[in-house]
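Have a look at the structure below before the remarks.
2 protein chains.
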Amino acid sequence: MVVRLKDIARDLGVSTVTVSKVLRGRTDIGQKTRERVLKRMDELNYQPNMLARALAGGRSYAVGLVVPDLVHPFFGEFARSLAGALRSEGLVLVLASSEEDPDIEEQEIQTLLTRGVDVLLVASCRPSTHPPKALTETTTPVVLIDRHFPKLPMDFVGTNDLMVGEVAGRHLAGIGRRRIAHIGGRGISPTADRLKGFQRALAAVGIELPKEYVVTRERFEESGDATGYHAMQELLSLREPPDAVFCYNDLSAIGAMDAAMQAGLRIPHDIAFIGCGNLRYADYLRVPLTSVDQSSHRLGDMAAKRVLELSTGAGGAPQTLRLEPRLIVRKSTVV
Amino acid sequence: MVVRLKDIARDLGVSTVTVSKVLRGRTDIGQKTRERVLKRMDELNYQPNMLARALAGGRSYAVGLVVPDLVHPFFGEFARSLAGALRSEGLVLVLASSEEDPDIEEQEIQTLLTRGVDVLLVASCRPSTHPPKALTETTTPVVLIDRHFPKLPMDFVGTNDLMVGEVAGRHLAGIGRRRIAHIGGRGISPTADRLKGFQRALAAVGIELPKEYVVTRERFEESGDATGYHAMQELLSLREPPDAVFCYNDLSAIGAMDAAMQAGLRIPHDIAFIGCGNLRYADYLRVPLTSVDQSSHRLGDMAAKRVLELSTGAGGAPQTLRLEPRLIVRKSTVV
DNA sequence: CTGAAAGCGCTAACAC
DNA sequence: GTGTTAGCGCTTTCAG
């Protein structure tokens, strides 16, 4: 069957403890013994049973990540850079997706917890006022990603969402638009911040954001295009439709643009669009989409740094890390 | 701290075995005892330690999946439906991505194996002649996804790639094209089949596929658009460029179309394109992309069925399951 | 430097 | 129906 520490110890006439120590690179083993052990491990292609190690040692060297949607480019890229950074430190990333379903999310969190991850990262799909129960009860360190829960004193890594809104608002105003609308989210924390920053930027140049110009919806990740499409139809039915729209994310912007084009509007002449997330295909769309980039890659690196601290117990007080977004201008706003 | 079986047993004055049996729903426990145990578990919100369970029981109730790229829609959707189907059977899916790097792939496979998954699913990025070493040595049941290794007698779930090529070839010939080219992959198993089916379909209507009309490349998932772009430039530089191209996947088709448009060609008038995978954004592209759909969702369900059999030990001989692809026609081939 | 003893939290097999 | 014993493969502690 499979090789165990015990087998190596028996072969070499040493104790399992000695082998275990060599395995973990401890220095209190003699040079010669160490070499013999290493040699035998290599010969037998020994692979430690991580279940046993985790159970005995209280550390699994695994980190969990729960996201609302894996196919979503933002989370996919975040996960990628996070996994890479952790891998080089000897930690594995265990991925799970909630499919934007609070029940599945709760379940996935429990699963990762009972499987002993050392740190748990969560981009929750729950309203910012109702954190997942399991999160509040566990003693495992948790890092909230992208969406936070104001009432929970937990680590957070995400985008400066106020600035996302500001960047979008400033850009749309800057290209001369005045009837500016927003298709936004609801519930999760970034939505409120983005709207606030957006309003602030518009107010700064004397533009107001009337209530009917703010359309909010709930699910934005998986079928965001349909969400955006319908929200846009609502805006188009107004007596005075907008001449620019800031959408919560790129997928909803794509759907919204589709609705506008079907209504015979020209982009950006009649109406401009800006999204958020800067997705992989933004360049190849019918109308290349201006977007606010969240540097998901750098976010992943930052999260990894924090995870490393937490996984060694040297966490300290909860920290909040926010990255500044960048505007990527394409033809949906500027010819 | 955290609640253990032992705590419940102590509280109730029964043995841990009794509690364990109730936990696992075994029927050889008296009604009254069972209820007391259940009640106490609920009160204490007991969550079994899955590490310990897996170590002691030899089953982890976890299934591993290694894909070349998570952001890739095909694998993302496959993973989603697989996870859903497994979840409803009490199994968890543990996801890992190799980023199309054979070394990372090998490492991720090892990781999942040493962490005790009951079944391992792998969509390998390695050439079909050189399977990952760890795969050939393990005793854990393995299911190959999308790409198989002819020499390895293992379970396989994937698309009928011969038919992918045929569908594409027949369609392009059917819309009257004659100078038909292929931008294809290399190494992994689907590439050869797709090319073969493609050739066969063309031959059936008297069209030959000259060597210079077949451009092959290696990495197609992550930066497939750039790959397609450059491959297309090669085709455009021929004395007689093609009037239709079948691309290995949608991402490469997007890049290829970009190159064609930059060269001043009109799609589909001057040149038609067909991809494979039917990605989420295909409808919203500058030119909506005709694509061969692989029904990733159904593939996930099929894989889940097979995994369930394998995870209970009732595997039997390796099986090969192939799903038939469907053609989705859009404006990149037909106005 | 090395190893014996104890135990992580759970389950398998068999007694009672 | 219920409990006892033994052990999964590893790490920890501490004695030598």
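Top to bottom, those sequences are chains L and V. The numbering of the first sequence is this note's numbering, which starts it at 1 and goes up by one. The numbering of the second sequence is this note's numbering, which starts it at 1001 and goes up by one. By construction, the Cβ of each residue, glycine as well, lies at the ideal position given by its N, Cα and C atoms. Note that the structure is predicted; figures quoted are calculated from it, not measured.
- Under the 8 angstroms criterion on CB atoms, residue 19(L) is classed as non-interfacial with respect to chain V.
- For the segment 268 to 286 of chain L, residues whose beta-carbon sits nearer than 9 angstroms to a beta-carbon of chain V comprise 279, 280, 281, 283, 284, 285 and 286.
- For residue 1216(V), DSSP records a beta bridge to 1184(V).
- At a C-beta separation below 7 angstroms, residue 1258(V) has these neighbours in chain L: 284.
- Within chain V, the residues placing a beta-carbon under 7 angstroms from that of residue 49(L) are 1114, ordered along the chain.
- When the five nearest sequence neighbours on each side are left out, the beta carbons in the same chain lying within less than 7 angstroms of the beta carbon of residue 1022(V) are those of 1029, 1034, 1037 and 1038, in order along the chain.
- Looking only at 243(L), 82(L), 223(L) and 236(L), the smallest Cα-Cα distance to residue 252(L) is reached by 223(L).
- Sorting 1138(V), 1289(V) and 1232(V) by C-alpha distance to the C-alpha of residue 1262(V) places 1232(V) at the top.
- Excluding residues up to 5 positions away in sequence, 1301 and 1304 lie with their Cβ nearer than 6 angstroms to the Cβ of residue 1085(V) in the same chain.
- Within the same chain, and ignoring the five residues on either side of residue 1212(V) in sequence, the residues whose Cβ sits closer than 7 angstroms to its Cβ are 1238.
- Counting the other Cβ atoms within 10 Å of the Cβ of residue 103(L) gives fewer than 16, which makes it exposed.
- Around the CB of residue 292(L), 16 or more other CB atoms lie within 10 Å, so the residue is classed as buried.
- Distance between residue 1288(V) and residue 1133(V), taken at the CA atoms: about 41 angstroms.
- Contact between the segment 1272 to 1280 of chain V and the segment 1055 to 1066 of chain V is absent: fewer than 3 CB-CB pairs across the two stretches fall below 8 angstroms.
- Under a criterion of Cβ atoms nearer than 9 angstroms, the residues of chain L adjacent to residue 1099(V) are, in order, 80, 83 and 84.
- In the three-state reduction of the DSSP assignment, residue 155(L) falls in the strand class.
- Among the residues facing chain L, residue 1308(V) is not included, as its CB has no counterpart in that chain under 8 angstroms away.
- Contact between the segment 1190 to 1202 of chain V and the segment 1160 to 1175 of chain V is present, with at least three C-beta pairs closer than 8 angstroms.
- In this structure, DSSP gives residue 1285(V) an extended state, which the three-state scheme calls strand.
- Of the candidates 138(L), 141(L), 127(L) and 162(L), the residue whose Cα lies closest to the Cα of residue 150(L) is 127(L).
- As far as DSSP is concerned, residue 267(L) takes part in no beta bridge.
- Nearest to residue 1174(V) by alpha-carbon distance, out of 1016(V), 1003(V), 1327(V) and 1017(V), is 1327(V).
- Using a Cβ distance threshold of 8 angstroms, residue 63(L) and residue 332(L) do not count as a contacting pair.
- In this structure, residue 240(L) places its C-beta atom within 8 angstroms of the C-beta atom of residue 179(L).
- By the Cβ rule, the segment 41 to 57 of chain L counts as touching the segment 1041 to 1056 of chain V, because three or more pairs are nearer than 8 angstroms.
- For a cut-off of 8 angstroms, the C-beta gap from residue 1105(V) to residue 1124(V) is around 6 angstroms, short enough to register as a contact.
- A check of alpha carbon separations from residue 1071(V) across 78(L), 66(L) and 65(L) identifies 78(L) as the nearest.
- For residue 70(L), a Cβ of chain V is located within less than 8 angstroms of the residue's own Cβ.
- Sequence-distant partners of residue 1307(V) (beyond 5 residues in either direction) whose C-beta falls short of 6 angstroms from its own C-beta, in its chain, are 1063 and 1119.
- Relative to the Cα of residue 158(L), the nearest Cα in the group 187(L), 122(L) and 228(L) belongs to 122(L).
- Under DSSP, residue 1274(V) forms a beta bridge with 1246(V) and 1290(V).
- Here residue 1258(V) has 1229 as same chain residues with Cβ atoms under 7 angstroms from its own Cβ, once five neighbours each way along the sequence are excluded.
- Annotation for residue 40(L): the continuous alpha helix (DSSP H) segment containing it runs 31 to 44.
- Residue 267(L) and residue 243(L) do not touch by the CB rule: their CB atoms are close to 11 angstroms apart, not below 8 angstroms.
- Using a 10 angstroms sphere on the CB of residue 31(L), the tally of other CB atoms stays under 16, which defines it as exposed.
- Between residue 1089(V) and chain L, the shortest Cβ-Cβ separation is not below 8 angstroms.
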